[in-house]
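Peer 1:
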DNA sequence: TGAAATGTTGGGGCG
DNA sequence: ACGCCCCAACATTTC
């Protein structure tokens with residue numbers, strides 16, 4: 004064989020179909036050496052969180068299977084690992100699909116120029132975006148800061164790239180390098196808290212497509228309205244698959260559009276679903292153009308916001324789902340149990356933390372980073388800033404959710420609360436979102452003693468709402 | 001991708 | 001029949 008070896012570096016694209024880097028390596032006539040590198044060294048403060056690591060373990064196991072045990076698995080500084088692998092395998096080229104986290108961009112640029120200086124052919128591809136961030140700018144060539152014009156005017160001009168088929172056949176390169184094993188990465192948590200996640204999710208490329216199909220058949224019709232209902236099955240739950248690249252947004256976009264066209268799905272439903280993919284794009288877009296959003300307020304005027312740093316017990320109660328506000332506790336417990344939370348509920352729990360409790364959005368960002376299987380630097384940062392009001396196109400400062408009304412509106416029968424807060428399962432729906440207003444007879448017949456079986460509310464909603472408005476008003480005036 | 005306060009309207013009870 | 005009041009129901013504004 005005269006084929007030369009090429010490293011295909013898998014990163015956040017753990018799939019074989021619609022993988023431009025893999026396809027390009029094959030099209031160039033190379034024999035493929037697939038590699039995964041866990042690079043926590045360069046990730047600095049954004050080392051993978053616990054739930055993400057659990058997912059990654061399953062996902063790499065699945066990918067290893069799909070690659071017929073040819074995937075080399077390593078950890079450490081990616082530049083050093085790749086350099087060593089080039090020496091061990093005689094690879095003449097390295098291919099990857101681009102990532103957009105600031106630390107990865109910096110690292111990858113250095114790797115690319117270093118390898119090129121040594122005569123290695125390095126090529127990177129667009130495998131994770133519908134529209135790459137630098138392609139979309141306002142007429143004055145500056146980036147959008149508001150979603151709707153970004154999406155309607157900026158993105159909609161061009162249809163997203165059509166996905167590539169899975170290669171018919173992959174030729175693997177011969178080499179003597181040590182293969183490594185996913186267990187070497189020690190991704191599985193030390194403590195046994197992932198049984199709920201394992202029960203809730205099937206991981207891997209095939210599972211991603213199955214989940215998408217289930218959503219299209221069971222949840223796309225009515226999506227625009229019922230996507231807000233945590234008690235229903237009308238959201239796609241594609242986020243962890245997209246996060247790890249087990250499916251690309253291009254695949255989701257085009258598969259969903261084709262399904263909608265063939266099955267009389269109302270325009271409003273499919274369009275709204277695609278716009279949610281657009282929100283993911285917008286998050287990456289913001290991270291690319293404003294890399295500070297991972298930690299600094301996008302709007303400077305929030306820098307002197309009077310966060311309450313006094314009571315860490317409140318944060319703990321929020322994390323544990325023991326706030327005494329049922330819709331919030333249901334969400335936080337769903338998160339801990341499944342590694343995922345319904346989007347509507349994410350907004351509700353975020354609003355409570357940041358506005359009613361006046362706890363810095365960083366605390367929420369960090370908890371979500373560690374507990375979400377879809378923890379994604381772009382989406383997590385952009386969304387927490389959105390909730391806090393400090394971000395782009397953010398909720399106006401006065402938009403404070405009332406979790407009681409939100410619960411009654413979006414979980415009208417209380418089924419979602421009953422599922423995740425079982426101590427309230429016998430509460431009548433009239434009071435399930437406000438057990439503190441139920442009379443003693445109702446509480447007794449539901450078997451609930453407030454303060455014992457289920458907590459009293461962590462804050463008075465009306466009082467804390469006014470306190471937040473005052474705080475936000477003071478910030479606004481000091482601007 | 002809010003909520004609460006305030007304003008407006010219109011139907012029905014009633015003198 | 002009419003005016004007055006009450007108060008949902010809805011609309012607007014304000015935070």
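In the working numbering, the protein residues as written are 4 to 482.
By construction, the Cβ of each residue, glycine as well, lies at the ideal position given by its N, Cα and C atoms.
Tell whether a beta-carbon distance below 7 Å holds between residue 280 and residue 252.
Peer 2: Cβ distance < 7 Å, so residue 280 and residue 252 count as in contact.
Peer 1: Looking at residue 268 and residue 183, is the spacing between their C-beta atoms short of 7 Å?
Peer 2: Not in contact: residue 183 and residue 268 (Cβ atoms no closer than 7 Å).
Peer 1: To the nearest angstrom, report how far apart residue 233 and residue 5 are at their CA atoms.
Peer 2: Cα-Cα distance, rounded: 56 Å.
Peer 1: For residue 346, which option in 273, 306 and 242 has the closest C-alpha, if you only look at C-alpha atoms?
Peer 2: Taking only the C-alpha atoms, the option nearest residue 346 is 242.
Peer 1: So, at 8 Å on beta carbons, what are the nonlocal neighbours of residue 374 in its own chain, with the 5 sequence-adjacent residues on each side left out?
Peer 2: So the list reads 52, 53, 54, 338, 339 and 342, once near-sequence residues are dropped.
Peer 1: In three-state terms, what does DSSP make of residue 190?
Peer 2: The answer is coil: DSSP assigns residue 190 none of H, G, I, E or B.
Peer 1: If I measure Cβ to Cβ from residue 136 and keep anything under 7 Å in the same chain, skipping five residues before and after, which residues do I get?
Peer 2: Once the five neighbours on either side are set aside, the close Cβ partners of residue 136 are 103, 287, 288, 291 and 292.
Peer 1: Measuring alpha carbon to alpha carbon, tell me which of 28, 383 and 258 ends up nearest residue 217.
Peer 2: Among 28, 383 and 258, the Cα nearest to that of residue 217 is on 258.
Peer 1: Please classify residue 308: is it buried, with 16 or more other beta-carbons within 10 angstroms of its beta-carbon, or exposed?
Peer 2: Classification for residue 308: buried.
Peer 1: Per DSSP, what kind of secondary structure is residue 78 in: helix, strand or coil?
Peer 2: It is a strand residue.
Peer 1: Rounded to a whole number of angstroms, what is the C-alpha to C-alpha distance between residue 240 and residue 414?
Peer 2: Roughly 18 Å between the two C-alpha positions.
Peer 1: For the beta strand (DSSP E) containing residue 124, list its first residue and its last residue.
Peer 2: First-last of the beta strand (DSSP E) with residue 124: 124-128.
Peer 1: Can you give me the Cβ contacts of residue 23 inside the same chain, cut-off strictly under 8 Å, excluding the 5 residues immediately before and after it?
Peer 2: For residue 23, where only same-chain residues beyond five positions count, the Cβ hits under 8 Å are 100, 128, 129, 130 and 167.
Peer 1: Under the assumption that residue 16 contacts residue 248 (Cβ atoms under 8 Å), give the Cβ distance between them as a whole number of angstroms.
Peer 2: Contact holds; Cβ gap of about 4 Å.
Peer 1: If you drop the 5 nearest sequence neighbours on each side, which residues of the same chain put their C-beta closer than 8 Å to that of residue 256?
Peer 2: Excluding residues within five positions, the ones whose Cβ falls inside 8 Å are 133, 163, 277 and 280.
Peer 1: Measuring only the C-alpha atoms, how far is residue 95 from residue 14?
Peer 2: Taking the straight line joining both Cα atoms gives about 20 Å.
Peer 1: Where are the alpha helix (DSSP H) runs, 4 residues long or more, that stay fully inside the segment 325-355, in chain order?
Peer 2: You should have 329-341 and 346-354.
Peer 1: Taking the beta strand (DSSP E) that residue 13 falls in, what are its first and last residues?
Peer 2: Per DSSP, residue 13 belongs to the beta strand (DSSP E) from 8-13.
Peer 1: Let me know if residue 371 comes out buried or exposed under the rule of 16 or more other beta-carbons within 10 Å of its beta-carbon.
Peer 2: Burial call: buried.
Peer 1: For the alpha helix (DSSP H) containing residue 35, list its first residue and its last residue.
Peer 2: Element bounds for residue 35: not the alpha helix (DSSP H) but the beta strand (DSSP E), 34-41.
Peer 1: Under the rule that 16 or more other beta-carbon atoms within 10 Å means buried, what is residue 181, buried or exposed?
Peer 2: When all chains shown are included, residue 181 counts as exposed.
Peer 1: Excluding the five sequence neighbours on either side, which residues of its own chain have a C-beta within less than 6 Å of the C-beta of residue 428, listed in chain order?
Peer 2: Counting only Cβ-Cβ distances below 6 Å, and skipping sequence neighbours, we find 421.
Peer 1: If you check the beta carbons only, do residue 175 and residue 211 fall under 7 Å apart?
Peer 2: No, these two residues do not count as a Cβ contact at 7 Å.
Peer 1: Assign residue 238 to one of two classes, buried (16 or more other C-beta atoms within 10 Å of its C-beta) or exposed (fewer than that).
Peer 2: Buried, by the Cβ-count rule.
Peer 1: On the criterion of 16 or more Cβ atoms from any shown chain inside 10 Å, does residue 296 qualify as buried, or is it exposed?
Peer 2: So residue 296 counts as buried.
Peer 1: Would you kindly check if the distance between the Cβ of residue 150 and the Cβ of residue 285 is under 7 Å?
Peer 2: Closer than 7 Å, so yes.
Peer 1: From the DSSP output, in three-state form, read off residue 96 for me.
Peer 2: Looking at residue 96 - three-state DSSP - the assignment turns out to be strand.
Peer 1: Kindly indicate the opening and closing residues of the alpha helix (DSSP H) around residue 20.
Peer 2: Counting along the chain, residue 20 falls outside any alpha helix (DSSP H), and DSSP gives it neither H nor E.
Peer 1: Using only alpha-carbon positions, find the residue among 35, 113 and 73 that is nearest to residue 45.
Peer 2: Nearest C-alpha to residue 45: 113.
Peer 1: Does the contact criterion of 3 or more C-beta pairs under 8 Å hold for the segment 64-78 versus the segment 202-210?
Peer 2: Touching, yes, given that three or more Cβ pairs across the two stretches are closer than 8 Å.
Peer 1: Tell me where the alpha helix (DSSP H) around residue 201 begins and ends.
Peer 2: Its alpha helix (DSSP H) spans residues 198-203.
Peer 1: In three-state DSSP terms, what is residue 457?
Peer 2: Three-state DSSP puts residue 457 in a strand.
Peer 1: Go through its chain and collect everything with a Cβ distance to residue 311's Cβ below 6 Å, but skip five positions before and after it.
Peer 2: Within the same chain, residue 311 has close Cβ partners 361.
Peer 1: If you reduce the DSSP assignment to three classes, tell me which class residue 423 lands in.
Peer 2: In the structure shown, residue 423 sits in a helix (DSSP, three-state: H, G or I).
Peer 1: Can you name the start and end residues of the alpha helix (DSSP H) that residue 297 belongs to?
Peer 2: Taken as a continuous stretch (DSSP letters only), residue 297 belongs to no alpha helix (DSSP H), as it is neither H nor E.
Peer 1: I'd like to know whether the C-beta atoms of residue 417 and residue 445 end up nearer to each other than 7 Å.
Peer 2: Going by C-beta atoms, residue 417 is not nearer than 7 Å to residue 445.
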